[in-house]
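Novice: Residues -21 to -1, 1 to 185 (mature numbering (1 follows the signal peptide of the UniProt record, and there is no 0)) are what the sequence shown spells out, left to right.
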Amino acid sequence: MQGAGTLTRRAALLGFAAAVAGCGAPARQPGNSFVAGQGAAGQADKIAALEREILALGPGVSPQEAATVARIAVEEPLVWARLWGAVDVPLIHNIQVNSGRKPRGLCKDWADDLEARLRQEGLATLDLHRAIANADTLLIEHSTVIVSPAGAAMTEGLVLDPWRLGQGRLWYGRVTEDPKYRWVPRAEVFAMKRRQKRRRALRDGV
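#1: Could you give the DSSP three-state label for W150: helix, strand or coil?
#2: For L143, is the classification buried or exposed, using 16 other Cβ atoms within 10 angstroms of its Cβ as the cut-off for buried?
#3: Quick one: what's H121 bridged to in DSSP?
#4: Say whether chain C places a C-beta atom closer than 9 Å to the C-beta of A28.
#5: Is the distance from the Cβ of T104 to the Cβ of A129 below 9 Å?
#6: Excluding the five sequence neighbours on either side, which residues of its own chain have a C-beta within less than 6 Å of the C-beta of G145, listed in chain order?
#7: Quick check: the region 27 to 45 against the region 102 to 121, are there 3 or more CB pairs under 8 Å?
#8: To the nearest angstrom, how far is the alpha carbon of R61 from that of L29?
#9: Between the alpha carbons of L85 and T134, how many angstroms are there, rounded?
#10: Can you tell me where the beta strand (DSSP E) with D140 in it begins and where it stops?
#11: Ignore the nearest five residues each way along the sequence and tell me which others in G136's own chain have a CB closer than 7 Å to its CB.
#12: I'd like to confirm something about G21: is its beta-carbon nearer than 8 Å to some heavy atom of the ligand MN, or not?
#13: By Cβ distance below 7 Å, which residues in the same chain neighbour A20 in space, the five residues on each side in sequence not counted?
#14: Quick one: Cα of T116 to Cα of R161, how far?
#15: If we call anything under 9 Å between Cβ atoms a contact, is L97 one with V48?
#16: Could you compute how far the alpha carbon of K172 sits from the alpha carbon of R178?
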């Protein structure tokens, strides 16, 4: 049986890890993600499942674009995980990045690279959005990419989150059904931070 001191130390370590990690703690439940095996067959199943979810976003979504986005979103983060040495759980890997032991792999890195890669495809029937969670709470911010039908609000889309499950394994699910995060458009978060900065400057007489 563990003593109270051991439990307290463990809780403190976990709290410290979350505080310095740089992204919100990952969900315990995978939500709508299809957590398949790590082999080629498992990846193919996950790609097919995500492709169906993207097609279900609306009748105007191109089957070819849905297939392309699904393949890239599932396969490419696994390549980045190998390049970045992302072999640990997300919060531990974040600490390694922040301490200079690993080159990349914060939630923002995954979101930046996934958005950039998908934009190379010149999507016509799908839009990409950037969103941030926890910007207005005491929790650590988390960043992601969202895919929606062209012209639709991001709330009508799917979260594509390669950070949450660790090791580049994609979590995906409807924005409005995310069990862990309440997503806000990145532009709104940036505007809020600019207002806060101006208020601080006025308060401090800068």
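Even for Gly, the Cβ is constructed at its ideal location relative to N, Cα and C.
Note that the structure is a prediction, hence the values are computed from the model and not measured.
Specialist: According to the structure data:
#1: Residue mapping note: residue 150 aligns to position 171 of the sequence shown, counting from 1. Reduced to three states, the DSSP call for W150 is strand.
#2: Looking up residue 143 in the sequence shown gives position 164. Looking at the sequence provided, one finds Arg at residue 143 rather than Leu. Classification for R143: buried.
#3: Position 142 of the sequence shown, counted from the start, is the residue given in the question as residue 121. In the DSSP output, where bridge partners are listed per residue, H121 has A112.
#4: The displayed structure is made up of one protein chain only, and chain C is not part of it.
#5: On the sequence shown, residue 104 is found 125 positions in, with the first residue counted as 1. On the sequence shown, residue 129 is found 150 positions in, with the first residue counted as 1. Yes, the Cβ-Cβ distance between T104 and A129 is below 9 Å.
#6: Locating residue 145 in the sequence shown gives position 166, where the first residue counts as 1. Answer for G145: V68 and P69, listed in chain order.
#7: Yes, they touch.
#8: Stepping through the sequence shown from its first residue, residue 61 is reached at position 82. Stepping through the sequence shown from its first residue, residue 29 is reached at position 50. The straight-line gap from Cα to Cα measures roughly 22 Å.
#9: Here residue 85 is taken as the residue at index 106 of the sequence shown, counted from 1. Here residue 134 is taken as the residue at index 155 of the sequence shown, counted from 1. L85 and T134: Cα-Cα distance of roughly 24 Å.
#10: Counting from one through the sequence shown, the residue named residue 140 turns up at place 161. L137 to D140 is the extent of the beta strand (DSSP E) around D140.
#11: Stepping through the sequence shown from its first residue, residue 136 is reached at position 157. Excluding the 5 residues flanking it on each side, G136 has same chain C-beta neighbours closer than 7 Å at L36, H108, I125, V126, S127 and V154, in chain order.
#12: Here there are no bound small molecules, and the ligand MN is not part of this structure.
#13: Translated into positions along the sequence shown, residue 20 becomes position 41. Hits under 7 Å: none found.
#14: As a position in the sequence shown, residue 116 is number 137, starting the count at 1. As a position in the sequence shown, residue 161 is number 182, starting the count at 1. A straight line joining the alpha-carbon of T116 with that of R161 spans about 11 Å.
#15: Here residue 97 refers to the residue found at position 118 when the sequence shown is read from its first residue. Here residue 48 refers to the residue found at position 69 when the sequence shown is read from its first residue. Their beta carbons are under 9 Å apart, which means L97 touches V48 by this criterion.
#16: Here residue 172 is taken as the residue at index 193 of the sequence shown, counted from 1. Here residue 178 is taken as the residue at index 199 of the sequence shown, counted from 1. Straight-line Cα distance between these residues: approximately 10 Å.
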